[in-house]
Amino acid sequence: MKSKVAVVRCKEYDFEEVKKTMQESLKLIGGLGNIVRKGNKVLLKPNIAGPFPPEQGATTHPSVIKAMIQLVKEAGGIPVVGDGPGTILPAFEISGIIKVADEEGIEVIPFNKNGFEMVKIPMGEQLKEIYFSKDVLKKDIVISIPKLKTHALVYYTGAIKNMFGAILPDSRKKTHRIDDVELFSKALVDIFTIRKPDLAIMDGIVGMEGVGPTHGPVKKIGVIISSTDSVAIDAVSSSVIGYDPMDIPTIRNAYMRKLGAGRLEQIEILGEQIKEVRIDFKRVPILKGRDKRRFMRLALGHLIVDTNKCKKCKICVEHCPSEAIRLIPYPTIDQKICVYCYCCFELCPEGAVIFDEKSMLGKSS
Ligand code: SF4
Ligand code: SF4
Numbered sequence: 005m006k007s008k009v010a011v012v013r014c015k016e017y018d019f020e021e022v023k024k025t026m027q028e029s030l031k032l033i034g035g036l037g038n039i040v041r042k043g044n045k046v047l048l049k050p051n052i053a054g055p056f057p058p059e060q061g062a063t064t065h066p067s068v069i070k071a072m073i074q075l076v077k078e079a080g081g082i083p084v085v086g087d088g089p090g091t092i093l094p095a096f097e098i099s100g101i102i103k104v105a106d107e108e109g110i111e112v113i114p115f116n117k118n119g120f121e122m123v124k125i126p127m128g129e130q131l132k133e134i135y136f137s138k139d140v141l142k143k144d145i146v147i148s149i150p151k152l153k154t155h156a157l158v159y160y161t162g163a164i165k166n167m168f169g170a171i172l173p174d175s176r177k178k179t180h181r182i183d184d185v186e187l188f189s190k191a192l193v194d195i196f197t198i199r200k201p202d203l204a205i206m207d208g209i210v211g212m213e214g215v216g217p218t219h220g221p222v223k224k225i226g227v228i229i230s231s232t233d234s235v236a237i238d239a240v241s242s243s244v245i246g247y248d249p250m251d252i253p254t255i256r257n258a259y260m261r262k263l264g265a266g267r268l269e270q271i272e273i274l275g276e277q278i279k280e281v282r283i284d285f286k287r288v289p290i291l292k293g294r295d296k297r298r299f300m301r302l303a304l305g306h307l308i309v310d311t312n313k314c315k316k317c318k319i320c321v322e323h324c325p326s327e328a329i330r331l332i333p334y335p336t337i338d339q340k341i342c343v344y345c346y347c348c349f350e351l352c353p354e355g356a357v358i359f360d361e362k363s364m365l366g367k368s369s
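Okay, so the sequence shown: first residue is 5 according to our numbering, each after it adds one.
Structure, rendered in structure tokens:
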């Protein structure tokens, strides 16, 4: 049987419109009542990439979270919102999630609060065990609510990659040291297998193009996409922004491991068809071959720090997995040690980590 993915248009973040669209989308794939039962403890896992306001387009919009909270309550479930962003408390506050959770009287859980436990990954191709959030493991239902964006390293970030936020920050750092995009993507899929979400609902109303996932230009896409198959929702969402899903290493690897429908012909698309909503979107160019990072280092240019924007907060220093950044007095990246994980680029709250002028990424299409 084909996986179902529903694509429904939604023009803006007006709360009533968002909720109505999400209801419609969920109805097309069989209704939330088939997923959430009365009394279920439900974890909503948005993508809170860092301390960025909703209008930056880097984080799941609070209207989408609020609508999902209400829909889960109406289905009889008991929702909480949880994530493990790099810079935890300011991120929840600034992204607007705390405000909507307070309005709805529900808890927001930073995953470090209740801790992590070591779990085996029997199907792991790159990782055999990892520290994983107890909050995610203990919930009856997990709903992933990613944001439709590009990603400098793995091209596209969606429902599969969203579960990377469920591991211990130190494990995230360690995983980022994997100096090969294909192997890193396999690790992301390994993590995804630990607790595949029961439902994924994509905030594709306003996404991020160019060099995402946190400082690219925002782009109106105008869709809410939902599916119980996280691989299928990634296949459809990446196609809406113009990628071939088989070019995205996480989707390709998950498809090859039969974790979901990665090819469009395996998917029944309900509501709008891809060609009706596909938009002109600036994408991170696909680089074939295994050693993308080395290629980037040699041919595309380096990451540097714009000292006019830098506030010397040290977030980049603290999160660099290879200890390649020194404050002297501004952050300086040792290009010989850098493994091009893009954590500094992604997490810098000021957008001060940039590509030098030689970078092709600035001209991504
Ligand atoms: S580059 Fe960004 S993250 Fe690093 S110290 Fe400066 S402001 Fe902070
Ligand atoms: S300098 Fe930046 S891109 Fe390089 S390894 Fe450190 S965090 Fe990653």
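We put the CB at the ideal spot given by N, CA and C, even for glycine.
Of the residues the options, the one placed nearest residue i, counting alpha carbons only
| i | options | result |
| --- | --- | --- |
| residue 53 | 129, 136 and 216 | 216 |
| residue 189 | 51, 166, 147 and 73 | 166 |
| residue 245 | 320, 222, 79 and 51 | 222 |
| residue 353 | 17, 57 and 14 | 57 |
| residue 161 | 171, 170 and 150 | 150 |
| residue 209 | 46, 59 and 143 | 59 |
| residue 182 | 157, 268, 202 and 203 | 157 |
| residue 50 | 287, 96, 29 and 280 | 96 |
| residue 163 | 185, 326, 205 and 212 | 205 |
| residue 355 | 317, 211, 282 and 67 | 317 |
| residue 264 | 231, 281, 285 and 358 | 231 |
| residue 99 | 122, 133, 111 and 67 | 67 |
| residue 120 | 138, 111 and 110 | 138 |
| residue 11 | 5, 273 and 219 | 273 |
| residue 228 | 31, 291 and 7 | 31 |
| residue 112 | 124, 136, 281 and 86 | 86 |
| residue 168 | 185, 94 and 198 | 198 |
| residue 195 | 145, 135 and 285 | 135 |
| residue 331 | 311, 153, 141 and 5 | 311 |
| residue 72 | 280, 28, 261 and 334 | 28 |
| residue 283 | 243, 307, 271 and 266 | 243 |
| residue 276 | 288, 226, 248 and 333 | 226 |
| residue 200 | 262, 110 and 340 | 262 |
| residue 61 | 326, 333 and 153 | 153 |
| residue 341 | 359, 307 and 46 | 307 |
Residue i in three-state terms, based on DSSP
| i | result |
| --- | --- |
| residue 368 | Only weak support is given to the placement of residue 368: the predicted model assigns it a pLDDT of 46, under 50, and the value that follows is read from those uncertain coordinates. In this structure, residue 368 counts as coil in the three-state DSSP scheme. |
| residue 5 | coil |
| residue 26 | helix |
| residue 65 | coil |
| residue 315 | coil |
| residue 204 | strand |
| residue 133 | strand |
| residue 234 | helix |
| residue 218 | coil |
| residue 335 | strand |
| residue 199 | coil |
| residue 54 | coil |
| residue 241 | helix |
| residue 306 | coil |
| residue 326 | coil |
| residue 355 | coil |
| residue 164 | helix |
| residue 191 | helix |
| residue 156 | coil |
| residue 185 | helix |
| residue 360 | coil |
| residue 226 | strand |
| residue 142 | helix |
Any chain C beta carbon closer than 8 Å to residue i
| i | result |
| --- | --- |
| residue 283 | Chain labels in this structure do not include chain C; a single protein chain is all it has. |
Can you list every residue whose CB sits closer than 6 Å to some heavy atom of ligand 1, going in chain order? 309, 314, 315, 316, 317, 318, 319, 320, 335, 352, 354, 356 and 357
Residue ranges of each alpha helix (DSSP H) run of no fewer than 4 residues wholly in the stretch 243-297, ordered along the chain? 253-260 and 278-281
For the pair the stretch 234-243 and the stretch 14-22, tell me if three or more CB-CB distances fall below 8 Å. no
Which parts of the stretch 58-122 are runs of the beta strand (DSSP E), unbroken and 3 residues or longer, counting only runs that do not cross its ends? 82-87 and 112-114
Tell me whether the stretch 253-270 and the stretch 190-203 touch, counting them as touching only if at least three CB pairs, one residue from each stretch, are closer than 8 Å. yes
Any 3 or more C-beta pairs closer than 8 Å across the stretch 114-128 and the stretch 163-181: When C-beta atoms of the stretch 114-128 are compared with those of the stretch 163-181, three or more pairs fall below 8 Å, so the two segments count as touching.
Touch test, the stretch 61-80 against the stretch 29-44, Cβ-Cβ under 8 Å, three pairs minimum: yes
Quick test of the definition: if touching needs 3 or more C-beta pairs under 8 Å, does the stretch 92-111 touch the stretch 123-130? With a cut-off of 8 Å, the stretch 123-130 and the stretch 92-111 do not count as touching, because too few Cβ pairs lie within range.
How about the stretch 306-324 and the stretch 284-292: do they share at least three Cβ pairs that are nearer than 8 Å? With contact defined as three or more Cβ pairs closer than 8 Å, the stretch 306-324 and the stretch 284-292 are not in contact.
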